[in-house]
Amino acid sequence: MADREGLGNLPIFDTEIRTSRELIAQEQRQEDDYQYIIRMYSALAREILDQIEDACDQMEYDGSRMFDEYMDRTMLLSMADKIYDKVNYQEKEDCPKQERKLHQMIVILIGGEIYHRRCRYRTKKNMFRS
């Protein structure tokens, strides 16, 4: 036990010091969980996710706008428009593209995939920082 900056005689917990093996195991558990959830998606959602993954693969590099602290909404909507046009699915076209349910689902799936990749990117970046 140590006296740390007037906090008294409190125990020291190693919450920030973890071995690389533990970090890799945690990342693998997160990835396995993510893949498990994706397997429950409908066939259409998985087809769309394949398109999203391809688009994200092209954007996954250091300095990419995908990893900016505040990601650009215009970029996300542009990705959704391109993927919507690629997906061969018939939907009523009596409203603007951004209001269609399929387009909204694509935006949500893109957001989830980008979030997943941003978390993975930050984890790996922090893992090799020392």
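For the sequence shown, the numbering used here puts the final residue at 130, and the numbers step up evenly by one.
Using N, Cα and C, we set each Cβ at its ideal position, and we do this for glycine too.
Just so we're clear, the structure is a prediction, and the values are computed from it rather than from any experiment.
Starting from the C-beta of residue i, find all residues in its chain whose C-beta is less than 8 Å away, skip the five residues before and the five after it, and write them out in chain order.
i, result
"K82", "A55"
"D68", "none"
Please report the straight-line C-alpha distance between residue i and residue j, rounded to a whole angstrom.
i, j, result
"R120", "M75", "20 Å"
"E113", "Q58", "13 Å"
"G111", "R100", "17 Å"
"L23", "R122", "12 Å"
"R39", "Q26", "20 Å"
"Y41", "Q104", "16 Å"
"S73", "R21", "A small correction: the amino acid at residue 73 is Arg; Ser does not occupy that position in the sequence shown. Those two C-alpha atoms are separated by around 36 Å."
"Y137", "D94", "Nothing can be reported for residue 137, as the shown portion of the chain is limited to 1 through 130."
"Y34", "E60", "18 Å"
Once you ignore the five residues that flank residue i on each side, which residues in its own chain have a CB closer than 6 Å to its CB?
i, result
"V107", "A80"
"D85", "none"
"T19", "none"
Nearest to residue i by alpha carbon, out of the options?
i, options, result
"M66", "V87, H116, I37, K124", "H116"
"K125", "S42, G63, M40, Y41", "G63"
"Y70", "D94, R118, Q35", "R118"
If you drop the 5 nearest sequence neighbours on each side, which residues of the same chain put their C-beta closer than 7 Å to that of residue i?
i, result
"L109", "A45, I48, L49, I52"
"Y89", "L44, L102"
- Query: Would you call the stretch 24 to 36 and the stretch 68 to 82 touching, i.e. three or more CB-CB distances under 8 Å?
  - Reply: no
- Segments of 4+ residues assigned as alpha helix (DSSP H) that fall wholly inside the stretch 17 to 73: 20 to 38, 43 to 59
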